[in-house]
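S.K.: My questions will all concern the structure given below.
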Amino acid sequence: MRLGAAGLSEDALPTPLISSRLRRPLVAAAVVGAALLPAVPASAAQAAPAAPAVASAPTAPQATWAAGTRAYLVITAPGDTSAVRGAVTANGGTVFTHHDAIGVIVAHSTSPAFAGTMRGVAGVQQVGATRTSDVPADAYNPALPAPPSQSPTSLTESNRWDMTQIKADKAWAVSTGSASVKVGVLDTGVDDLHQDIAPNFNAADSVSCAYGRPDTRAGAWRDIGDHGTHVAGTIAAAKNGRGVIGVAPGVRISSVRIAEPTTSMFFAENTICGFMWAGDHGFKVTNNSYYTDPWMFNCPDDADQAAIIEGVKRAQQYAESKGSLQVAAAGNSNYDLANKRTDTSSPNDSTPVTRTITNACIDIPTELPGVVTVAAMGKGDVKASYSNLGRNVIDVAAPGGDGASGVYSTLPGGKYGNMNGTSMASPHVAGVAALLASTDPAATPADLRARLATQANDTACPSDSRCTGTTADNAFFGEGQVDALKAVGGTPPPARYFENTTDVAVGDNATVESPITVTGVAGNAPATLKVGVDIKHTYRGDLVLSLVAPDGTVYLLEDFADGDSADNVVKTYTVNASAEVAAGIWKLRVRDTAAQDTGRIDAWNLSF
C-alpha cells in the first residue's frame, strides 16, 4: 500500500504528511470536528478469453483456517483449470478461489513444500507465494466494516486549487461526466453513506476483494481506513452545493475494497480479484493508489515474485480486454523508477531486507503494460517533493499536493480533509479519463491512454539533473499535467468566474487586500454573487472579512467571534451586490484585530 492520513477540524487545512505504501497520502486530513484519525498503511495488454472468472463465495470457505496457512498463485493455461485444482488438493493445498479466464488459482496451504511440489505438476506454469506472512483467520469468515456515523457539513463548495489547476472548474460548465460511466476505486474501501459520495455511489457493482475472492455482502466495500474515501471524492464527489466537487461529478463510483483489515495491505490475490471484477462489471476506468504488497518491486528472477507479476498482469489484461483502463499512482519515495538500484522496504509483511535490484524488477500495478502511471505535482507547475519519477515510466502528472497545500477531499463519516501523495494525483487523472469516456462512450482503453497524453499540458523540467527528456515528455511529468477542460472538448465558459491565487500575508493588527479584476461581464453584479474564501490563519477569531466593490462600497462578509479559536476560513459567502457594476477591481479585505496569530490569504474567487 502507499499512504495514510490524520484528521483535524472541518475548516482546518493541516500540513500534509506522506507515507509510502498505499500510494498513500503524505498528508494530514482535515475533518469535520473530528479527533485525529489513525494513519493507513499503503503501489496495453493482450485480450484474455471472454469467459467470466469463477470464484467461491466468502461465506462458503473450502477449508478450515490453521496457523501457518500461506497463500499461493498457481498459474496454468487459461480455460478449464479443474485438473490443476485437483492437483492442488492432492498436494496438501486447498483452492480458495480460481479465475479460469486467466488461468490463475489462489491456493492455501500449510505445507512448506507446497510450492515446490506444485511446480512439478503437469500443466502448471508458475507457482508463487503471495506473502511472507500467514493468511489471517478473518479470510475464512470476513468481518463487515461498521457503517460510520455521519456528520453533516456546513461547508459549501468552492473551487479548490487542485481543481482549478487542471481546469476542472471550467470543464464542469461543459460536462460533469455521464452516469453511464463507472469508475472503480480499488482501495481501502469507500464510505458510501458520505453526503458527497452517496449521490454517485454504485452499490450494485461494489464488493470486497480482501483475501482474493469477491465478498458481495452489503457494506463489505466500506472503508477500513480513510484513504479510499478520499480518493473517491477527488474522482466524483457530487456537485450538490456541499463540501467538495470531484473532477467528474456526474459519473458513478464503485468501491472494490482490496485492502485487508488490520494491516491495510494489498496482496496480489486481492489485486487480481479487483481487476477481474472491474472487467466483469463494466468499469470504464479504475484508480489504483497502492502497490501490491509485500514487495515494493517484484523481480522476475524470483519464482514467487515472477508468479505475482504474471498473475496480476493477466488480470490487468483481462480488465483491459473488457474495456477498462487502469490508472495508478507512481509512488511517494522520490525514487527514479527508470534507474532502480536498491529496495530497502520489502517484504513489508515480515522483516524487510536490503536487496540489489534492476529495472527488470517492477512496481505493480503501476509499471504493468497498459497502466497509466501518474506522478504528483504540487501547487503550480512543480514536481511534488516526494513523487517518484522516471523517464519513459511516468505517463502524465496531476496535483497531489505538497507541504501545506494539500488535496482536500472526502473522509469517512461525512468529513473532509487534506492529504498529499501520488495517491491523490492518480484520482485526478482517473477523473479526467472518466470525462474523456463520457465524451466518447466508444473509446477503448488504448484510445483513452492516447487522449490523456494528447490533452496533457507540456510541463518543462526544473533545474534538476534527474529530470531528463524534453518539455513534451520528461521524467518528472511525462506527457504533462492533465487538463479536464481539454478532455471534455470545451472552451472556457464566458468570463463569469474569477480567481486570485496569489498569497497575501496577514500580519498582527493589520489590514490587507487581495484584488480581482473582472472583465467581460456586462451590467450589474447579481444579487447572489458568490465569494469563495480560502484563508490560512491560526486563530480566525481575530479576523474580519469584507468584500470591497469597484466603487469602494464595503460588504461585510463575516466578523468572527473573538473566542473562535479554530484555524482557517474555507467558505463561500453570498452577497447581494446587485447595486454594483460588475466590471472593475473587486477586493477581498482581511483585517486582523489582535496580536500573536498570523496567516495569509491563500486564494479567493468571485462567481457571477
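Each residue of the sequence shown is one higher than the one before, counting from 8 in the working numbering.
Each residue gets a CB set at the ideal place from its N, CA and C atoms; glycine is no exception.
Look up D409 in the DSSP assignment and give the residues it is bridged to.
M.R.: What you label residue 409 is simply residue 402 of the sequence shown in a count that begins at 1. Partner(s): S412.
S.K.: Have a look at A144, T429 and A74 and flag the residue whose alpha-carbon is nearest the alpha-carbon of V403.
M.R.: For the purposes of this step, residue 403 is identified with residue 396 of the sequence shown, where counting begins at 1. It is T429 whose Cα lies nearest to the Cα of V403.
S.K.: Less than 8 Å between the beta carbons of G257 and S185, yes or no?
M.R.: Residue mapping note: residue 257 aligns to position 250 of the sequence shown, counting from 1. Residue mapping note: residue 185 aligns to position 178 of the sequence shown, counting from 1. Against a cut-off of 8 Å, the Cβ pair of S185 and G257 comes out as a contact.
S.K.: Beta carbon of S261, beta carbon of K189: below 8 Å?
M.R.: By 1-based counting over the sequence shown, the position of residue 261 is 254. By 1-based counting over the sequence shown, the position of residue 189 is 182. Contact flag set, yes.
S.K.: Q323: buried (16+ other C-beta within 10 angstroms of its C-beta) or exposed?
M.R.: Indexing the sequence shown from 1 puts residue 323 at position 316. So Q323 counts as buried.
S.K.: Is it buried or exposed for V61, if we count other Cβ within 10 angstroms and need 16 for buried?
M.R.: Position 54 of the sequence shown holds residue 61. Note on V61: pLDDT 37, under 50, position unreliable in the model; no value is reported.
S.K.: Quick check: the Cα distance between K174 and Q157, rounded to an integer number of angstroms?
M.R.: Within the sequence shown, the letter at position 167 stands for residue 174. Within the sequence shown, the letter at position 150 stands for residue 157. Whole-angstrom Cα-Cα distance: 31 Å.
S.K.: Consult DSSP for I542 and reduce its assignment to one of helix, strand or coil.
M.R.: Counted from its first residue, the sequence shown places residue 542 at position 535. DSSP places I542 in strand when its eight states are reduced to three.
S.K.: Taking the C-alpha atoms as reference points, what is the distance between D490 and G476?
M.R.: Residue mapping note: residue 490 aligns to position 483 of the sequence shown, counting from 1. Residue mapping note: residue 476 aligns to position 469 of the sequence shown, counting from 1. Rounded to whole angstroms, D490 to G476 spans 21 Å at the Cα level.
S.K.: Have a look at N366, N341, R362 and D287 and flag the residue whose alpha-carbon is nearest the alpha-carbon of K329.
M.R.: Along the sequence shown, one-based indexing puts residue 329 at 322. Answer by Cα proximity: D287.
S.K.: Quick check: the Cα distance between I316 and V334, rounded to an integer number of angstroms?
M.R.: Position 309 of the sequence shown, counted from the start, is the residue given in the question as residue 316. Position 327 of the sequence shown, counted from the start, is the residue given in the question as residue 334. If I take the Cα positions, the gap works out to 17 Å.
S.K.: Can we say the region 577-593 touches the region 531-547, given the rule of at least three CB pairs closer than 8 Å?
M.R.: Yes, since at least three Cβ pairs between the region 577-593 and the region 531-547 fall closer than 8 Å, the two stretches touch.
S.K.: For the alpha helix (DSSP H) that A328 lies in, which residues bound it at each end?
M.R.: One-based indexing of the sequence shown puts residue 328 at position 321. Ala is not the amino acid found at residue 328; the sequence shown has Ser there. Run containing S328: A310 to S328, per the alpha helix (DSSP H) assignment.
S.K.: Could you confirm whether any beta carbon from chain B is found closer than 8 Å to the beta carbon of A405?
M.R.: Annotation note: the requested chain B is absent from the structure, which comprises a single protein chain.
S.K.: Where are the alpha helix (DSSP H) runs, 4 residues long or more, that stay fully inside the region 517-577, in chain order?
M.R.: Counting whole runs of 4 or more residues, the region 517-577 contains no alpha helix (DSSP H) stretch at all.
S.K.: Where does I364 fall in DSSP's three states?
M.R.: On the sequence shown, residue 364 is found 357 positions in, with the first residue counted as 1. In the structure shown, I364 sits in coil (DSSP, three-state: anything other than H, G, I, E or B).
S.K.: Note down, in chain order, each residue of its chain lying with its Cβ closer than 6 Å to the Cβ of S118, except the 5 sequence neighbours on either side.
M.R.: Residue 118 sits at position 111 when you count from the first residue of the sequence shown. Cβ within range, chain order: G99.
S.K.: Going by C-alpha to C-alpha distance, which of T104, D599 and D194 sits closest to N516?
M.R.: Looking up residue 516 in the sequence shown gives position 509. Nearest C-alpha to N516: D599.
S.K.: For W168, which of helix, strand or coil comes out of DSSP?
M.R.: The count along the sequence shown starts at 1 and reaches residue 168 at position 161. Here W168 sits in helix by DSSP.
S.K.: Around the Cβ of D409, are there at least 16 other Cβ atoms within 10 angstroms (buried) or fewer (exposed)?
M.R.: Reading the sequence shown from its first residue, position 402 is the one you call residue 409. D409 is buried by the Cβ-count criterion.
S.K.: Going along the chain, which unbroken runs of the beta strand (DSSP E) with 3 or more residues stay wholly within the region 127-191?
M.R.: Segments of the beta strand (DSSP E) lying fully in the region 127-191: 131-136.
S.K.: Return the CA-CA distance between N209 and A437, expressed in angstroms with no decimal places.
M.R.: Taking the first residue of the sequence shown as position 1, residue 209 is located at position 202. Taking the first residue of the sequence shown as position 1, residue 437 is located at position 430. So the alpha carbons of these two residues sit roughly 17 Å apart.
S.K.: In whole angstroms, what separates the C-alpha of V400 from that of Y325?
M.R.: Locating residue 400 in the sequence shown gives position 393, counting from the first residue. Locating residue 325 in the sequence shown gives position 318, counting from the first residue. Each residue's alpha carbon lies about 22 Å from the other.
S.K.: Mind checking P56: buried by the 16 CB within 10 Å criterion, or exposed?
M.R.: Within the sequence shown, numbered from 1, the residue matching residue 56 stands at position 49. With a pLDDT of only 31 at P56, under the threshold of 50, the placement of this residue in the model should not be trusted; the figure read from the coordinates follows. The residue is exposed, with fewer than 16 neighbouring Cβ atoms inside 10 Å.
S.K.: Looking at V582 and L554, is the spacing between their C-beta atoms short of 8 Å?
M.R.: Translated into positions along the sequence shown, residue 554 becomes position 547. Translated into positions along the sequence shown, residue 582 becomes position 575. Going by C-beta atoms, L554 is nearer than 8 Å to V582.
S.K.: Between the region 245-255 and the region 154-171, do three or more beta carbon pairs fall short of 8 Å?
M.R.: They touch, by the three-pair rule.
S.K.: Tell me the rounded alpha-carbon separation between M283 and L344.
M.R.: In the sequence shown, the residue the question calls residue 283 occupies position 276. In the sequence shown, the residue the question calls residue 344 occupies position 337. Using only the alpha carbons, I get a separation of about 27 Å.
S.K.: DSSP on Y218, reduced to helix/strand/coil?
M.R.: Along the sequence shown, one-based indexing puts residue 218 at 211. Y218: helix per DSSP, three-state reduction.
S.K.: Locate the beta strand (DSSP E) running through N507, then write down its first and last residues.
M.R.: Mapped onto the sequence shown, residue 507 falls at position 500. Looking at the DSSP string, the run of the beta strand (DSSP E) that includes N507 is Y504 to N507.
S.K.: May I ask you to list the residues that DSSP assigns as paired with Y423?
M.R.: Start at 1 with the first residue of the sequence shown, and residue 423 comes out as number 416. DSSP lists T417 as partners of Y423.
S.K.: Suppose only complete runs of 4+ residues qualify. What are the alpha helix (DSSP H) ranges in the region 218-287, listed by chain order?
M.R.: Complete alpha helix (DSSP H) runs here, min 4: 234-243 and 275-287.
S.K.: Using a 10 Å radius around the Cβ and a threshold of 16 neighbouring Cβ atoms, would you call G377 buried or exposed?
M.R.: Stepping through the sequence shown from its first residue, residue 377 is reached at position 370. So G377 ends up on the buried side.
S.K.: Relative to the alpha-carbon of R456, which residue among V379, A479, M384 and P406 has its alpha-carbon at the smallest distance?
M.R.: If you number the sequence shown from 1, residue 456 lands on position 449. It is V379.
S.K.: When you compare each of L200, Q132 and T236 to P159 by their alpha carbons, which one comes out closest?
M.R.: Working through the sequence shown from its first residue, we reach residue 159 at position 152. The candidate whose alpha carbon is nearest that of P159 is L200.
S.K.: Mind checking who F208 pairs with in its DSSP beta bridge?
M.R.: Indexing the sequence shown from 1 puts residue 208 at position 201. Its beta-bridge partners are I260.
S.K.: Using a Cβ-Cβ cut-off of 7 Å (strictly less than) and excluding sequence neighbours within five positions of I109, which residues of its own chain qualify?
M.R.: Position 102 of the sequence shown, counted from the start, is the residue given in the question as residue 109. Closer than 7 Å at Cβ, skipping near neighbours: A55, P85, R321, A322 and Y325.
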